[in-house]
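Numbering of the sequence shown is given in this note's numbering, commencing with residue 3 and proceeding in unit increments. We treat Cβ as the ideally placed atom computed from N, Cα and C, and that holds for glycine. Note that the structure is predicted; figures quoted are calculated from it, not measured. Notes to accompany the following structure.
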Amino acid sequence: AALTGADVGEVDHTRVDAANRRLAAALAARFERDMAARFESPGAAAAAVRVGEVRIVVRRWSG
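Rendered as structure tokens:
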């Protein structure tokens, strides 16, 4: 979340889905800006990428 600027709030098991939604929205916005800067059109961006699935695991340690 720190890399994307997303605030996932205090994460506990009851709020993981909400945190995941906020993180996904932040990632989508960041990728959208990046793609707009790299490509001249949405079609050019779509032609240049492959889609798949990624699993992101966020762990937090306190010390």
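- Under the three-state reduction of DSSP, G54 is assigned to coil, being neither helix nor strand.
- The three-state reading of DSSP puts E42 in coil, since its state is none of H, G, I, E or B.
- Using a Cβ distance threshold of 9 angstroms, M37 and A28 do not count as a contacting pair.
- For V18, the three-state secondary structure derived from DSSP is helix.
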